[in-house]
Every structure is written in structure tokens, then in C-alpha cells.
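A short worksheet on the structure shown next.
In this note's numbering, the protein residues as written are 100 to 474.
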């Protein structure tokens, strides 16, 4: 049996970490990734497992609901099994209840654990759906397959942390249930396929990263399952469908003398990191630099040009001060330093950081007539 396992599509995500223009591009690309996924399923899957958070919230746009309905209906020979999650629960008036999907779509409702039996695939798929977004949802007790001779799959949105409100459990508990494969959703950074006891399980991750906590290419798990004489076999691979990828990196710019040299260093880091136009990159600047050095995020973005889709700069550089000279300086520069000196020596890390930022900005304003915060 050929299968495809995808989760956490979060269609209609706002992509709030980008500009309005780029957010619209990202929303369109997410829908495009879903369409590509459906094209692949049409030739490479008999069963598609979708364990939750297909939508970003309970408030689904009509266009997105119609898109999903149309794509599922276009593949009548493929079975789609959906286990609503905490972002898209099967609540009163939800998209799951008000939309008439085609007969090849099977949705677990929140009445309790259920099972869909597919005799032509020698397969039973067990699962459950969330009723509310915020309510605690315990992992069902005494949850086990009925017929060990068939391929037994769990399709569920859950967290492998026992204390989690999202059907929290453990890999060992899944193995004790007796499922052959557990198609899981909820974790956005994919795990690939893992194994505990005789049970295979895994998270495919989200279809498109949405922020810098979801780095790298994203996609699905696909492959083939067999069960002969009670022996289960699984062959699988991960397939990328994401149009973009989030990445994080750091750059030590100690000793950089001026804004031009800083821009050149940032551009070189983007090139050497082999980031492309598909990349949203957060670059953290580290090291010690002259206090007069102005870190302008817009200037650094301009330096990177179109090498990446988006560049975000996190400035964690520290200014190098000649404290002895400043102590002896009887101009406004020295007076400003002496006023901040107690804070610079504070045992409170937050207070020290604020003092460093204030000193750097103040000296830049005194010397250059402008504030050095990239404004």
C-alpha cells in the first residue's frame, strides 16, 4: 500500500513576520505547495494521512475550503484520512462540519476515538479529532487495534510529552497500543520515521516554515507499507514541497571599521552560506566593534540584494570603548560615560545591556549627530 503522511499545513497562515506584500506571496506559495502535494498524491499514494492543523484557525476562508474540497474530489481513487487538531478542531460550525467533502474523505469527529476500515488495502486507520482549540485533550485510554493481521495505523494530532495538553503521551505508550505505524501531527520540525518496540512513528513537520523556529526545507513522508504473515514492513522517504525555507546563521564582525566593510561582510556571508532566493535568513551579528559603527538593517538588506528572499538582522555586537580615556574626558562625551558607568558595572545583565546600548547610541549621536540603531 502506497501512503503519504502530511501534517500541520496551517493554510491561511498570516505570515506576520514579513511585509504585507511578502506575506501575500507566502500565503499564495503555501496554497501552491498544497496543490503540488495533491498532484504527487494522485500518482504516488493510495492513502493520505493528515493528522491535524490543516488550517491555521477555525476561521477558514471560503476560497481555501473550496480549494481543499476540489483537490480531494479530483482524486477519487485516493483515500484521505483527517484527524482535526488543536488549530482546526471539529467544533460547532467548523469547516469540517459545514463542508460537504467527497466520499473519499474520512474525518474523525470529536465524539471519541474511531476507526476507518479499508478492506481493499487490508488496513485500519484509528484516530480522534479535537473538539476545541484551547481545551486539554487527553490521550485515549485502552486504545488498541482490533485485528493484528491487518495494517494498523494511528492518525492523530498529539505531543510526545506526557504532561502536554495535546493528547500528551510517550513513544512507549504508542508501542504498547500495538499500532504498526503512528502518523503524527503537531511538531513542525520533522523527525523522519522513528521506531519504538515494533511500532514505527514520526512527524513529517509542516508543509511550509512560517518563522525562524521552523528552519530548513519542509515537506512530507511518503512510502509503502506491507504486512505479510503478521510481519509489517515500511519503506519511506522525505519529500520537500516547501517553496521557501527559513535559516538562521551568525557572523562575527569583530574589528569591522565602517558601514561599507560591514555590508561587504554580510553579503559575503550570504554568498558563502549558499543561501538562495528561496531563503528567509536571520543573520545575527556578533563580536566587538567601534561604538561609532552604525548598524543599519536596511543598508545591509540592500547589500544582500536579491540573493535571498528576506534578510533579517539581529545586532548583538558589543562596542569597544576606551574607558580610561572616557573617564578623563571632560567634554560631554566623558560626562555621558561617567553618568552611565554604574549601570555598565551592574550585576544585572539586562541593565548592563541597556547601558551599553545607551552609551553606543549616545556617543554616535554626539560624534555623528545620529542614533546608531539602524533607524
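Heads up, the beta-carbon is just placed ideally off N, CA and C, and yes, glycines get one too.
Are the Cβ atoms of residue 302 and residue 312 separated by less than 8 Å?
Sequence index remark: in the chain shown, residue 302 carries index 203 (1-based). Sequence index remark: in the chain shown, residue 312 carries index 213 (1-based). Going by C-beta atoms, residue 302 is not nearer than 8 Å to residue 312.
Where does residue 273 sit, in a helix, a strand or coil, going by DSSP?
Position 174 of the chain shown, counted from the first residue, corresponds to residue 273. Helix.
Chain D beta carbons: is any one of them nearer than 8 Å to that of residue 436?
The structure shown contains no chain D; it is built from a single protein chain.
Consult DSSP for residue 100 and reduce its assignment to one of helix, strand or coil.
The residue you call residue 100 lines up with position 1 of the chain shown. Here residue 100 sits in coil by DSSP.
Is residue 220 closer than 8 Å to residue 146 when the C-beta atoms are compared?
Your numbering for residue 146 matches position 47 in the chain shown. Your numbering for residue 220 matches position 121 in the chain shown. Yes.
So, with DSSP's three-state summary, where would you put residue 338?
As a first step, residue 338 must be located in the chain shown, where it is residue number 239. Looking at residue 338 - three-state DSSP - the assignment turns out to be strand.
On the DSSP bridge assignment, give the partners of residue 418 in chain order.
Here the question's residue 418 lines up with position 319 in the chain shown. 388, per the DSSP bridge assignment.
Check for me: the alpha helix (DSSP H) holding residue 283 runs from which residue to which?
As a working note, residue 283 is residue 184 in the chain shown. Not the alpha helix (DSSP H): residue 283 falls in the beta strand (DSSP E), residues 280–284.
Could you tell me if residue 211 is buried or exposed, where buried requires 16 or more neighbouring beta carbons within 10 angstroms of its beta carbon?
Taking the chain shown and counting its residues from 1, one reaches residue 211 at position 112. Exposed.
Cβ distance (whole Å) where residue 114 is taken to contact residue 122 below 8 Å
Sequence index remark: in the chain shown, residue 114 carries index 15 (1-based). Sequence index remark: in the chain shown, residue 122 carries index 23 (1-based). So it is a contact: roughly 4 Å between Cβ atoms.
Candidates 427, 297, 163, 192: closest to residue 109 by CA position
Start at 1 with the first residue of the chain shown, and residue 109 comes out as number 10. It is 163.
So for residue 439, helix, strand or coil by DSSP?
Here residue 439 is taken as the residue at index 340 of the chain shown, counted from 1. In this structure, residue 439 counts as helix in the three-state DSSP scheme.
Same chain only: Cβ atoms within 7 Å of residue 403, ignoring 5 sequence neighbours per side
Here residue 403 refers to the residue found at position 304 of the chain shown. Hits under 7 Å: 365, 366, 369, 410.
Distance between residue 125 and residue 118 (C-alpha atoms, nearest Å):
Position 19 of the chain shown, counted from the start, is the residue given in the question as residue 118. Position 26 of the chain shown, counted from the start, is the residue given in the question as residue 125. Going by the C-alpha atoms only, they are around 10 Å apart.
Using a Cβ-Cβ cutoff of less than 6 Å, which residues in the same chain neighbour residue 296 once the five nearest sequence positions on both sides are dropped?
Start at 1 with the first residue of the chain shown, and residue 296 comes out as number 197. Within the same chain, residue 296 has close Cβ partners 274.
Residue 470 - DSSP class collapsed to helix/strand/coil
Indexing the chain shown from 1 puts residue 470 at position 371. In this prediction, residue 470 has a pLDDT of 49, which is less than 50 and means its spatial position is unreliable; what the coordinates show is noted afterwards. DSSP places residue 470 in coil when its eight states are reduced to three.
Taking residue 299 as the reference, which of 260, 251, 341 has the closest Cα?
As a working note, residue 299 is residue 200 in the chain shown. With distances taken between Cα atoms, residue 299 lies closest to 251.
If we call anything under 8 Å between Cβ atoms a contact, is residue 418 one with residue 390?
Locating residue 418 in the chain shown gives position 319, where the first residue counts as 1. Locating residue 390 in the chain shown gives position 291, where the first residue counts as 1. Contact: yes.
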